[in-house]
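Down below is the structure, laid out as structure tokens.
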């Protein structure tokens, strides 16, 4: 009996030890669970911090990029009547070499130096002038003033560009009968002017070709047009070449996506409304057709 009671006491002590170990383990595990819970609670906060950090950095990067884009975007100068007067009063006296040299000079001054308008807009004005009869540089000189300050600006720029030639040719025409054109010095001076004029036109043609012919197809068209214009002197050769070049590039680019026109290329005025422009165009076409008909009937 004493031995049995001793065994019972040993069993109870073992149960007490097991309960103590279980209670200790339960004390450890809740602490561990608390640590894990704390870690799990900290993890989202760290992740959220990371997200916030990434988001802020992305936002800062986006802002910096947008600022860079704004800073790098071209800004075209707003022009006053005084600016037009100041530039064209000099050009009228210093622009030599004919329309090709004038166009190259316009591009260098108004596009590259003064930033009055974009290169693409200037090329559109140049192409429009090529499609109209008369000297292209004369038409472009008016057009530059029109897109900056309207009709008055166009009249100002065009007249300032033309009047020096008007004065000089009037004086030369008046004194033509009184000048000895067989004078050796005068003939040498005239020959020198002609040689320089050819060089100016050649340089201007090279500059315009590099600007307007960026790919192989347009360079080939440029070469073909130059050869045909040199070989044939018919009045219809230039309109035919212009139409041919436009048709070729239209067929080539028909499958390409249409490029979105830029919002602002330096245009400050469109001159006249669409209705007025259409009316003037119809009047011009009517006069042209009438002149052709009258010329044919007289011949």
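In our numbering, the protein residues as written are 913 to 1211. Just so it is clear, CB atoms sit at the ideal spot from N, CA and C, and this is done for glycine as well.
Original post:
Considering residue 1183, what are the terminal residues of the alpha helix (DSSP H) in which it resides?
Top reply: Within the chain shown, numbered from 1, the residue matching residue 1183 stands at position 271. Element bounds for residue 1183: n/a, residue is neither H nor E.
**OP:** Could you work out which residue in 1016, 1183, 1093 and 994 is closest to residue 1112 when comparing CA atoms only?
**Re:** Here residue 1112 is taken as the residue at index 200 of the chain shown, counted from 1. Taking only the C-alpha atoms, the option nearest residue 1112 is 1016.
Original post:
Can you list the alpha helix (DSSP H) stretches of 4 or more residues lying completely in the region 1086 to 1139, in chain order?
Top reply: 1096 to 1124
**OP:** Please say whether residue 988 and residue 1178 have beta carbons closer to each other than 9 angstroms?
**Re:** For the purposes of this step, residue 1178 is taken as the residue at position 266 of the chain shown. For the purposes of this step, residue 988 is taken as the residue at position 76 of the chain shown. Yes, the pair counts as a contact, with Cβ atoms nearer than the cut-off.
**OP:** Determine, using beta carbons only, whether residue 997 and residue 1018 come nearer to each other than 9 angstroms.
**Re:** Taking the chain shown and counting its residues from 1, the one referred to as residue 997 is at position 85. Taking the chain shown and counting its residues from 1, the one referred to as residue 1018 is at position 106. No, they are not a contact pair.
Original post:
Candidates 1093, 1057 and 1144: which alpha carbon is nearest residue 1180's?
Top reply: Taking the first residue of the chain shown as position 1, residue 1180 is located at position 268. Out of 1093, 1057 and 1144, 1057 has the C-alpha closest to the C-alpha of residue 1180.
Subject >> Per-residue DSSP class, three states only, for residue 988 >> reply: What you label residue 988 is simply residue 76 of the chain shown in a count that begins at 1. The answer is coil: DSSP assigns residue 988 none of H, G, I, E or B.
**OP:** Determine the direct distance from the alpha carbon of residue 1116 to that of residue 1122, and round the result to whole angstroms.
**Re:** Position 210 of the chain shown, counted from the start, is the residue given in the question as residue 1122. Position 204 of the chain shown, counted from the start, is the residue given in the question as residue 1116. Residue 1122 and residue 1116: Cα-Cα distance of roughly 10 angstroms.
**OP:** State yes or no: is the C-beta of residue 1009 within less than 9 angstroms of the C-beta of residue 1072?
**Re:** As a position in the chain shown, residue 1009 is number 97, starting the count at 1. As a position in the chain shown, residue 1072 is number 160, starting the count at 1. Going by C-beta atoms, residue 1009 is not nearer than 9 angstroms to residue 1072.
Original post:
With residue 1070 and residue 1053 assumed to form a contact (beta carbons below 8 angstroms), what rounded beta-carbon distance in angstroms separates them?
Top reply: Position 158 of the chain shown, counted from the start, is the residue given in the question as residue 1070. Position 141 of the chain shown, counted from the start, is the residue given in the question as residue 1053. 5 angstroms between Cβ atoms; contact.
Original post:
Going by Cα to Cα distance, which pick from 1150, 1184, 999 and 1049 is closest to residue 1025?
Top reply: Working through the chain shown from its first residue, we reach residue 1025 at position 113. Comparing Cα positions, the closest option is 999.
**OP:** Please check the pair residue 1012 and residue 1120, which I expect to be a contact at CB under 8 angstroms, by giving their CB distance rounded to whole angstroms.
**Re:** As a working mapping, residue 1012 is identified with position 100 in the chain shown. As a working mapping, residue 1120 is identified with position 208 in the chain shown. Between residue 1120 and residue 1012 the Cβ distance is about 7 angstroms, and since that is below 8 angstroms, they are a contact.
**OP:** Could you give the DSSP three-state label for residue 1083: helix, strand or coil?
**Re:** Locating residue 1083 in the chain shown gives position 171, where the first residue counts as 1. Of the three classes helix, strand and coil, the one that applies to residue 1083 here is helix, per DSSP.
Original post:
From residue 1029 to residue 1089, what distance separates their C-alpha atoms?
Top reply: One-based indexing of the chain shown puts residue 1029 at position 117. One-based indexing of the chain shown puts residue 1089 at position 177. Approximately 45 angstroms, taken between the alpha carbons.
Original post:
Enumerated in chain order, which unbroken segments of the alpha helix (DSSP H) with a length of 4 residues or greater are wholly contained in the region 988 to 1067?
Top reply: 993 to 1006, 1011 to 1018 and 1031 to 1042
**OP:** Please confirm whether residue 1099 and residue 993 have their CB atoms less than 9 angstroms apart.
**Re:** Sequence index remark: in the chain shown, residue 1099 carries index 187 (1-based). Sequence index remark: in the chain shown, residue 993 carries index 81 (1-based). The answer is no: Cβ separation not under 9 angstroms.
Original post:
For residue 1076, which three-state DSSP category applies?
Top reply: Start at 1 with the first residue of the chain shown, and residue 1076 comes out as number 164. If DSSP states are grouped into helix, strand and coil, residue 1076 belongs with the helices.
**OP:** Note down the Cα distance separating residue 1205 from residue 1038, rounded to an integer number of angstroms.
**Re:** For this step, residue 1205 is matched to residue 293 along the chain shown. For this step, residue 1038 is matched to residue 126 along the chain shown. Approximately 29 angstroms between the Cα atoms of the pair.
Original post:
What is the DSSP secondary structure of residue 1141, reduced to helix, strand or coil?
Top reply: Taking the first residue of the chain shown as position 1, residue 1141 is located at position 229. Reduced to three states, the DSSP call for residue 1141 is helix.
**OP:** Let me know the secondary structure DSSP gives residue 1196 once reduced to three states.
**Re:** Residue numbering aside, residue 1196 sits at position 284 when the chain shown is read from its first letter. Note: residue 1196 maps to helix in three-state DSSP.
**OP:** With DSSP collapsed to three states, give me the class of residue 1166.
**Re:** As a first step, residue 1166 must be located in the chain shown, where it is residue number 254. The answer is coil: DSSP assigns residue 1166 none of H, G, I, E or B.
Original post:
With C-beta atoms as the reference, is residue 1091 less than 9 angstroms away from residue 1182?
Top reply: Indexing the chain shown from 1 puts residue 1091 at position 179. Indexing the chain shown from 1 puts residue 1182 at position 270. Against a cut-off of 9 angstroms, the Cβ pair of residue 1182 and residue 1091 comes out as no contact.
Original post:
So, is residue 1202 buried or exposed, given that buried needs 16 or more other C-beta atoms within 10 angstroms?
Top reply: Within the chain shown, numbered from 1, the residue matching residue 1202 stands at position 290. An exposed status is given to residue 1202, since fewer than 16 other beta-carbon atoms sit within 10 Å of its beta-carbon.
Original post:
So, is residue 1048 buried or exposed, given that buried needs 16 or more other C-beta atoms within 10 angstroms?
Top reply: The residue labelled residue 1048 in the question sits at position 136 within the chain shown. Per the 10 Å Cβ criterion, buried.
**OP:** Can you tell me which of the three DSSP states residue 937 falls into?
**Re:** As a first step, residue 937 is located in the chain shown; it is residue number 25 there, counting from the start. Confidence in residue 937 is poor, its pLDDT being 47 and thus under 50, which makes the residue's placement too unreliable to answer from.
Subject >> Alpha-carbon to alpha-carbon, residue 1128 and residue 1159 >> reply: In the chain shown, the residue the question calls residue 1159 occupies position 247. In the chain shown, the residue the question calls residue 1128 occupies position 216. Cα to Cα, residue 1159 sits roughly 16 angstroms from residue 1128.
Subject >> C-alpha distance - residue 1096 paired with residue 1045, whole-angstrom precision >> reply: Looking up residue 1096 in the chain shown gives position 184. Looking up residue 1045 in the chain shown gives position 133. Spanning the two alpha carbons is a distance of roughly 37 angstroms.
**OP:** Just tell me which of 1157, 1007, 1191 and 1148 has its CA closest to the CA of residue 1074.
**Re:** Counted from its first residue, the chain shown places residue 1074 at position 162. Closest by alpha carbon: 1007.
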